[in-house]
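J.: All letters in the sequence shown, in the order written, are residues -6 to 124 by my numbering. I'd like to ask you about the structure that follows.
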Amino acid sequence: MLEQIARLESELSQLFCSTWPRQGFEWSVSSRGGPRVLSLAELEALRDDLADRLSQTRRSLSDRTYVEDQNRRRIETMLLEPDQHRWVRVSNEDIGESGCKHWHVRPRWGVLGMLMSWWRVRISSGCPLAI
(Lines of atoms letter the chains of each structure in order from A and count residues from 1; the text may use other names and numbers.)
(Lines give C-alpha, C1' and ligand atoms only; values in the text may rest on other atoms or scores of the structure.)
Protein backbone atom coordinates (compact mmCIF):
# COMPACT_ATOMS: atom_id res chain seq x y z
CA MET A 1 0.00 0.00 0.00
CA LEU A 2 2.81 2.41 0.91
CA GLU A 3 4.57 1.65 -2.37
CA GLN A 4 1.40 2.48 -4.31
CA ILE A 5 1.05 5.80 -2.47
CA ALA A 6 4.71 6.62 -3.08
CA ARG A 7 4.31 5.80 -6.79
CA LEU A 8 1.21 8.01 -7.09
CA GLU A 9 2.95 10.90 -5.32
CA SER A 10 5.95 10.45 -7.61
CA GLU A 11 3.73 10.49 -10.72
CA LEU A 12 1.96 13.61 -9.45
CA SER A 13 5.29 15.38 -8.92
CA GLN A 14 6.53 14.28 -12.37
CA LEU A 15 3.35 15.65 -13.91
CA PHE A 16 3.92 18.94 -12.12
CA CYS A 17 7.50 19.17 -13.41
CA SER A 18 6.46 18.36 -16.97
CA THR A 19 3.72 21.01 -17.06
CA TRP A 20 5.69 23.92 -15.64
CA PRO A 21 5.13 26.98 -16.14
CA ARG A 22 1.41 26.31 -16.57
CA GLN A 23 -0.79 27.42 -13.72
CA GLY A 24 -4.12 26.27 -12.35
CA PHE A 25 -3.19 22.79 -11.18
CA GLU A 26 -3.35 21.74 -7.54
CA TRP A 27 -0.19 19.83 -6.62
CA SER A 28 -0.06 19.80 -2.82
CA VAL A 29 -0.65 16.60 -0.90
CA SER A 30 -2.78 17.11 2.18
CA SER A 31 -1.53 15.87 5.52
CA ARG A 32 -3.55 13.50 7.65
CA GLY A 33 -3.14 15.30 10.99
CA GLY A 34 0.45 15.14 12.18
CA PRO A 35 3.01 12.37 12.58
CA ARG A 36 1.36 9.04 13.27
CA VAL A 37 0.89 5.62 11.75
CA LEU A 38 -2.12 5.56 9.46
CA SER A 39 -4.60 2.75 9.59
CA LEU A 40 -5.27 0.57 6.57
CA ALA A 41 -8.57 2.39 5.87
CA GLU A 42 -6.81 5.79 5.99
CA LEU A 43 -4.09 4.53 3.66
CA GLU A 44 -6.70 3.26 1.20
CA ALA A 45 -8.53 6.60 1.34
CA LEU A 46 -5.25 8.46 0.74
CA ARG A 47 -4.41 6.17 -2.19
CA ASP A 48 -7.86 6.64 -3.72
CA ASP A 49 -7.66 10.44 -3.32
CA LEU A 50 -4.25 10.53 -4.99
CA ALA A 51 -5.41 8.30 -7.84
CA ASP A 52 -8.48 10.50 -8.43
CA ARG A 53 -6.42 13.70 -8.38
CA LEU A 54 -3.84 12.22 -10.70
CA SER A 55 -6.46 11.14 -13.24
CA GLN A 56 -8.26 14.52 -13.06
CA THR A 57 -4.98 16.38 -13.49
CA ARG A 58 -4.01 14.22 -16.46
CA ARG A 59 -7.41 14.79 -18.05
CA SER A 60 -7.31 18.57 -17.59
CA LEU A 61 -3.71 18.68 -18.83
CA SER A 62 -4.71 16.66 -21.88
CA ASP A 63 -7.57 19.07 -22.59
CA ARG A 64 -5.29 22.07 -22.15
CA THR A 65 -2.54 20.70 -24.39
CA TYR A 66 -5.15 19.95 -27.06
CA VAL A 67 -6.25 23.60 -27.01
CA GLU A 68 -2.62 24.76 -27.06
CA ASP A 69 -1.91 22.58 -30.10
CA GLN A 70 -4.96 24.02 -31.85
CA ASN A 71 -3.66 27.54 -31.13
CA ARG A 72 -0.22 26.62 -32.52
CA ARG A 73 -1.89 25.37 -35.69
CA ARG A 74 -3.90 28.60 -35.82
CA ILE A 75 -0.64 30.59 -35.71
CA GLU A 76 0.71 28.53 -38.60
CA THR A 77 -2.39 29.14 -40.70
CA MET A 78 -2.37 32.81 -39.72
CA LEU A 79 1.16 33.10 -41.07
CA LEU A 80 0.25 31.26 -44.29
CA GLU A 81 -3.12 32.95 -44.93
CA PRO A 82 -3.46 36.18 -42.94
CA ASP A 83 -6.44 37.40 -44.98
CA GLN A 84 -8.48 34.41 -43.71
CA HIS A 85 -7.82 35.34 -40.04
CA ARG A 86 -8.54 39.05 -39.88
CA TRP A 87 -8.05 40.63 -36.44
CA VAL A 88 -7.22 37.29 -34.77
CA ARG A 89 -4.83 37.56 -31.83
CA VAL A 90 -2.99 34.66 -30.16
CA SER A 91 -0.77 35.12 -27.11
CA ASN A 92 1.99 33.04 -25.54
CA GLU A 93 -0.41 32.03 -22.76
CA ASP A 94 -2.68 30.51 -25.41
CA ILE A 95 0.09 28.14 -26.50
CA GLY A 96 1.28 27.30 -22.97
CA GLU A 97 4.43 29.41 -22.90
CA SER A 98 5.49 32.22 -20.62
CA GLY A 99 6.13 35.72 -21.88
CA CYS A 100 4.22 38.59 -23.43
CA LYS A 101 4.50 37.82 -27.15
CA HIS A 102 1.37 38.09 -29.32
CA TRP A 103 0.61 37.16 -32.93
CA HIS A 104 -1.97 39.60 -34.31
CA VAL A 105 -3.36 39.77 -37.86
CA ARG A 106 -3.66 43.40 -38.92
CA PRO A 107 -4.05 45.24 -42.20
CA ARG A 108 -0.85 46.44 -43.81
CA TRP A 109 -0.80 50.26 -44.00
CA GLY A 110 -3.96 50.81 -41.95
CA VAL A 111 -7.20 51.72 -43.69
CA LEU A 112 -5.65 51.44 -47.14
CA GLY A 113 -4.61 47.87 -46.35
CA MET A 114 -8.14 47.09 -45.16
CA LEU A 115 -9.63 48.43 -48.39
CA MET A 116 -7.09 46.61 -50.56
CA SER A 117 -7.27 43.43 -48.43
CA TRP A 118 -3.57 43.50 -47.56
CA TRP A 119 -3.25 41.65 -44.27
CA ARG A 120 -0.18 40.58 -42.33
CA VAL A 121 0.74 39.00 -39.02
CA ARG A 122 2.41 41.30 -36.52
CA ILE A 123 4.45 39.58 -33.84
CA SER A 124 4.94 41.69 -30.76
CA SER A 125 8.44 42.07 -29.39
CA GLY A 126 7.46 40.87 -25.94
CA CYS A 127 7.06 42.48 -22.55
CA PRO A 128 7.64 46.21 -22.16
CA LEU A 129 10.62 47.32 -20.12
CA ALA A 130 10.06 47.77 -16.40
CA ILE A 131 10.26 51.35 -15.20
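Ideal Cβ positions, reconstructed from N, Cα and C, are used throughout, including at glycine. Every value quoted in this text rests on a predicted model; they were computed, and no experiment measured them.
Between the beta-carbon of residue 96 and the beta-carbon of residue 68, is there less than 8 Å?
T.: A contact, by the Cβ cut-off of 8 Å.
J.: Would you call the CB atoms of residue -6 and residue 47 closer than 8 Å?
T.: No. Outside cutoff.
J.: Under 6 Å Cβ to Cβ from residue 106, same chain only, skipping five residues before and after it: list those, please.
T.: Correct list, in chain order: 100.
J.: Between the alpha carbons of residue 110 and residue 42, how many angstroms are there, rounded?
T.: Their backbone Cα atoms lie some 56 Å apart in a straight line.
J.: Out of 44, 81, 13, point me to the one whose CA is closest to residue 98's CA.
T.: Of the candidates 44, 81, 13, the one whose C-alpha sits nearest the C-alpha of residue 98 is 81.
J.: My understanding is that residue -3 touches residue 66, with C-beta atoms under 8 Å, so please give their C-beta distance in whole angstroms.
T.: Contact doesn't hold; Cβ gap of about 39 Å is too wide.
J.: Which same chain residues, not among the five before or five after residue 93, have their C-beta less than 6 Å away from its C-beta?
T.: Excluding positions up to five away in sequence, the list reads 119, 120.
J.: Which of the three DSSP states, helix, strand or coil, is assigned to residue 60?
T.: In this structure, residue 60 counts as helix in the three-state DSSP scheme.
J.: Please classify residue 127 as buried or exposed, where buried requires at least 16 neighbouring CB atoms within 10 angstroms.
T.: The chain is shown from -6 up to 124; residue 127 falls before or after that span and cannot be answered.
J.: Relative to the alpha-carbon of residue 50, which residue among 9, 33, 108 has its alpha-carbon at the smallest distance?
T.: Nearest option by C-alpha distance: 9.
J.: With DSSP run on the structure shown, which of helix, strand or coil describes residue 81?
T.: Reduced to three states, the DSSP call for residue 81 is coil.
J.: Need the endpoints of the beta strand (DSSP E) that residue 98 sits in, please.
T.: Note, residue 98: beta strand (DSSP E), 95 to 100.
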